[in-house]
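> Protein chains in written order, with the working numbering: chain P, 379 to 679; chain W, 3 to 321. C-beta atoms are modelled at their ideal positions from N, C-alpha and C, and glycine is treated no differently.
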Amino acid sequence: MATVVMTSLDSKSRAASRGLSDIKIRNLFIIPTILFLIVFNIFPLIYSLGYSFTDFRASTNAPATFVGLQNYRELLNDPFIWANFAITAKYVIVSVTGQVVVGFGTAMLLNREIPFKGLITTLLLLPMMLSMAVVGLFWKLLYDPSFGIINYALGLGSFEWLANPDMALYAVAITDIWMWSPFVMLLSLAGLSAVPRHLYEAAAIDRAGPFYTFFRITLPLVAPILMIAIIFRTMEAFKTFDLAYILTSQPTTEVISIRLYKMAFQEWQTGRSCALAYIVLIMVLAITNIYVKYLNRVKER
Amino acid sequence: MAAVQTRSERALNRVAIAAVLIITLLFLAPIYWITSTAFKPRNLATTIPPTVIFEPEISPFVKLFTKRSQLRAAPEPDDYAAAPWWERLVFDGGEKVVRSGRGDVQLSGYPNRFMNSLIVAITSTVLAVSMGTFTAYGFSRFKMKGEADLLFFILSTRMLPPVVVAIPMFLMYRAVGLNDTHWGLIILYTAFNLSFSVWLMKGFIDEIPKEYEEAALVDGYTRLEAFFKIVLPEAATGIAATAVFCFITAWNEYAFALIMTNRRAQTAPPFIPSQVGSGLPDWTVIAAGTFLFLLPVAIFTFLLRNHLLRGMSFGAIRK
Chain P
379 MATVVMTSLD SKSRAASRGL SDIKIRNLFI IPTILFLIVF NIFPLIYSLG YSFTDFRAST
439 NAPATFVGLQ NYRELLNDPF IWANFAITAK YVIVSVTGQV VVGFGTAMLL NREIPFKGLI
499 TTLLLLPMML SMAVVGLFWK LLYDPSFGII NYALGLGSFE WLANPDMALY AVAITDIWMW
559 SPFVMLLSLA GLSAVPRHLY EAAAIDRAGP FYTFFRITLP LVAPILMIAI IFRTMEAFKT
619 FDLAYILTSQ PTTEVISIRL YKMAFQEWQT GRSCALAYIV LIMVLAITNI YVKYLNRVKE
679 R
Chain W
3 MAAVQTRSER ALNRVAIAAV LIITLLFLAP IYWITSTAFK PRNLATTIPP TVIFEPEISP
63 FVKLFTKRSQ LRAAPEPDDY AAAPWWERLV FDGGEKVVRS GRGDVQLSGY PNRFMNSLIV
123 AITSTVLAVS MGTFTAYGFS RFKMKGEADL LFFILSTRML PPVVVAIPMF LMYRAVGLND
183 THWGLIILYT AFNLSFSVWL MKGFIDEIPK EYEEAALVDG YTRLEAFFKI VLPEAATGIA
243 ATAVFCFITA WNEYAFALIM TNRRAQTAPP FIPSQVGSGL PDWTVIAAGT FLFLLPVAIF
303 TFLLRNHLLR GMSFGAIRK
């Protein structure tokens with residue numbers, strides 16, 4: 379089948395007799411990229427799959443010993459690892475929910491005649507373009523219990539945000555919401571502006587209430603694009619590292635990426651960390667799969 | 003009846019505008035605060051209540067770029083007169099401070115890290131965008147078996163968590179001596195941005211009518227000539243937008259830089275937070291470093307504003 383397609387392509391092209399054939403050009407253009415990604419993304423993953431079955435420690439010169447599935451068995455039975463996953467799940471839920479509420483709410487407000495709409499939208503988008511590490515750093519200044527502007531503005535006195543184990547994860551999530559609500563807003567706005575006007579007009583003629591109009595017209599039509607935003611943010615929040623790592627060092631904010639980083643580069647349990655990396659990887663790929671399915675569905679519309 | 007409705011609608015609109023303004027101000031407040039801190043005298047940076055009105059100073063930036071041990075005492079008049087002009091711009095708590103009238107000025111770690119960030123971000127952007135444009139053209143114009151699977155594979159590499167990839171890459175780089183080098187980071191960032199670049203450029207190239215090239219082929223161009231002379235100029239805007247996105251991603255990246263570099267090739271994101279250290283950090287200097295680092299991104303965001311939606315959705319949503 380493939381060959382049929384190729385030959386037909388080749389014969390159709392009048393350029394085939396001059397210069398390179400289309401198939402050659404296609405291969406020349408595509409293969410280097412595929413190779414590059416295989417060498418620098420897939421090969422390392424195969425390499426670490428091998429190490430995940432050993433007790434290798436990169437800090438010593440001792441040769442790695444094969445231990446079979448021991449790393450995986452121990453990790454999956456380790457209540458501390460599950461605690462890290464639970465923290466990650468809590469973080470994902472709090473921060474993605476916050477982003478959807480703030481982002482979608484702002485988009486609803488912006489979806490009307492507003493002076494300087496373009497400028498306001500651009501200004502609102504600024505936070506998500508900034509470096510997460512540097513944002514984390516300057517939010518430390520904002521959260522400072524003694525001279526932070528947040529405590530001053532809210533009249534909280536010397537409330538501890540980051541040093542308080544119960545509050546720290548929420549503080550990280552609030553910063554994440556500040557950064558990424560604009561992303562949800564941007565996508566929602568695109569969805570909202572695509573809702574045909576005549577549907578609202580028809581609803582008005584039928585004297586439909588605002589709730590009915592929202593739940594029966596607006597929400598169903600925006601849902602696919604909002605879903606893209608939610609899945610994408612879920613995936614990113616699940617992988618989160620920079621913000622939490624820079625803002626606090628509380629055990630209550632040790633999301634799975636931070637645990638993985640510490641296991642690999644501070645405790646130097648290389649073999650074990652490769653096994654944990656694989657467990658995380660499988661979860662991320664599962665979410666990616668859902669994401670791409672949705673992306674394609676929206677594209678086809 | 004109708005008049006009542008429009009009046010209530012107008013009131014609703016006014017409430018919405020007010021709400022949007024408040025939200026915008028809230029969102030910009032953190033950025034305003036870090037920017038204003040970068041120009042504050044040190045003694046006004048951490049006051050309660052916060053200082054909003056002050057006379058801006060340039061000393062945080064001089065301190066940022068030069069190595070110095072903090073001197074509290076007022077300088078000797080001779081030393082002050084002999085000091086270079088920028089040293090005379092440095093104040094501490096409103097008092098004149100000069101390190102010393104003589105001796106070489108040593109650069110701090112910051113300019114070096116800033117340069118590293120530029121080198122790594124620019125090189126990886128050029129590589130990712132050029133490879134990405136070729137590949138996107140390949141996918142856009144030629145049919146292929148398993149095209150959807152290949153595109154999914156390319157996208158999925160972007161979704162890999164950095165720490166997961168960093169563990170084996172660290173070991174491999176250590177084996178070949180690429181740890182703490184520019185090329186080590188450039189390769190990682192190119193790989194990271196490549197998938198993004200392919201997806202985004204494919205969207206842009208799909209929009210260029212095939213008829214343009216076909217006409218050129220009839221006129222005797224080869225496929226390659228048609229690509230370089232017809233398609234590339236048409237795709238220029240898309241290439242620029244993709245490049246800016248790739249640059250910002252590489253510029254902002256933290257986890258790989260933290261793990262793979264420590265001194266020679268270290269970029270600004272892991273360096274700036276490490277300045278906080280222990281004890282009492284000078285927040286004006288940290289704010290100055292942050293401000294300079296965020297400035298290019300802020301400028302690029304304004305240039306990109308019409309393409310943000312497209313970039314953020316990997317080219318899925320066009321506008």
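Of all Cβ atoms in chain W, is any one closer than 8 Å to the Cβ of P/Pro-598?
no
> What are the start and end residues of the alpha helix (DSSP H) that includes P/Ile-416?
Element bounds for P/Ile-416: n/a, residue is neither H nor E.
> Compare the C-alpha of P/Gly-483 against each of W/Thr-263, W/Ile-121, W/Glu-236, W/Thr-26 and name the closest.
W/Thr-26
> Under 7 Å Cβ to Cβ from W/Val-246, same chain only, skipping five residues before and after it: list those, please.
Phe-302, Leu-305, Leu-306
> If the criterion is Cβ atoms closer than 8 Å, does the pair P/Leu-488 and P/Thr-499 meet it?
Yes, the pair counts as a contact, with Cβ atoms nearer than the cut-off.
> With a threshold of 8 Å between beta carbons, is W/Gly-140 in contact with chain P?
yes
> For the alpha helix (DSSP H) holding W/Lys-204, just list the boundary residues, first then last.
184 to 208
> On the CB-based measure, 16 or more other CB atoms within 10 Å of its CB, does P/Glu-579 come out buried or exposed?
exposed
> Rounding to the nearest angstrom, what Cα-Cα distance links P/Met-379 and W/Phe-144 in this structure?
Confidence in P/Met-379 is poor, its pLDDT being 36 and thus under 50, which makes the residue's placement too unreliable to answer from.
> Can you give the Cα-Cα distance for P/Ala-601 and P/Phe-494, rounded to whole angstroms?
27 Å
> Of all the residues that make up the stretch 152 to 170 of chain W, which are near chain P by a beta-carbon distance shorter than 8 Å?
Of all residues in the stretch 152 to 170 of chain W, Leu-152, Phe-154, Phe-155, Ile-156, Leu-157, Ser-158, Thr-159, Met-161, Leu-162, Pro-163, Pro-164, Val-165, Val-166, Val-167, Ala-168, Ile-169, Pro-170 have a Cβ within less than 8 Å of some Cβ in chain P.
> Is W/Pro-77 near W/Phe-56, with beta carbons less than 8 Å apart?
Not closer than 8 Å, so no.
> For W/Glu-255, which three-state DSSP category applies?
coil
> Is it right to say W/Ser-322 is buried, meaning 16 or more other beta carbons lie within 10 angstroms of its own, or is it exposed?
The structure shown does not extend to residue 322 of chain W, since chain W is modelled only from 3 through 321, so no value can be given for it.
> What three-state label does DSSP hand P/Phe-525 in the structure shown?
coil
> Using a Cβ-Cβ cut-off of 8 Å, state whether W/Tyr-112 counts as contacting chain P.
no
> In the DSSP assignment, find the alpha helix (DSSP H) that holds W/Glu-216 and state where it starts and stops.
212 to 220
> Taking a Cβ distance cut-off of 7 Å, strictly less, list which residues of the stretch 256 to 270 of chain W are near chain P, in chain order.
Tyr-256, Ala-257, Ile-261
> In this structure, does DSSP put W/Asp-284 in helix, strand or coil?
coil
> Out of curiosity, what's the CA-to-CA distance linking W/Leu-157 and P/Ile-409?
15 Å
> Note down, in chain order, all residues in the stretch 212 to 228 of chain W with a beta-carbon under 8 Å from any beta-carbon belonging to chain P.
Leu-219, Val-220, Gly-222, Tyr-223, Thr-224, Arg-225, Leu-226, Glu-227, Ala-228
> If you run the structure through DSSP and keep just helix, strand and coil, what is P/Asp-620?
helix
> With W/Phe-198 and W/Gly-240 assumed to form a contact (beta carbons below 8 Å), what rounded beta-carbon distance in angstroms separates them?
Actually they are not in contact, since the Cβ atoms of W/Phe-198 and W/Gly-240 sit about 13 Å apart, beyond 8 Å.
> Identify the contact partners of P/Val-676 in chain W, using a Cβ-Cβ distance below 8 Å as the criterion.
Ala-318, Ile-319
> Among the candidates W/Met-161, W/Phe-63, W/Leu-23, whose CA atom is the shortest distance from the CA of P/Val-658?
W/Met-161
> Compare the C-alpha of P/Ile-606 against each of P/Leu-415, P/Thr-666, P/Val-470 and name the closest.
P/Thr-666
> Please report how far the alpha carbon of P/Leu-570 lies from the alpha carbon of W/Glu-149, in whole angstroms.
Computed Cα separation, rounded: 32 Å.
> What does P/Asp-620 reach in chain W if we use C-beta pairs closer than 7 Å?
Tyr-256, Ala-257
> For the stretch 244 to 261 of chain W and the stretch 114 to 130 of chain W, state whether three or more C-beta atom pairs, one from each stretch, are separated by less than 8 Å.
The stretch 244 to 261 of chain W, when compared against the stretch 114 to 130 of chain W, does touch it at the 8 Å Cβ threshold.
> Taking only the alpha-carbon atoms, compute the straight-line gap between W/Leu-294 and W/Glu-227 and give it to the nearest angstrom.
42 Å
> Under 9 Å Cβ-Cβ, which residues of chain P neighbour W/Asn-15?
Those are Arg-490, Glu-491, Ile-492, listed as they occur along chain P.
> Step through the CB atoms of chain P and report whether any lies within less than 8 Å of the CB of W/Thr-303.
yes
> My output table needs one value for P/Asp-584: the three-state DSSP class, helix, strand or coil.
coil
> List the residues of chain P that W/Ala-193 touches, going by C-beta distances under 8 Å, in chain order.
Phe-414, Leu-415, Phe-418, Asn-419
> Flag W/Ala-76 as yes when its Cβ comes closer than 7 Å to any non-hydrogen atom of the ligand MN, and as no otherwise.
This structure simply doesn't include the ligand MN, nor any ligand for that matter.
> Between the stretch 260 to 277 of chain W and the stretch 185 to 193 of chain W, are three or more C-beta pairs nearer than 8 Å?
yes
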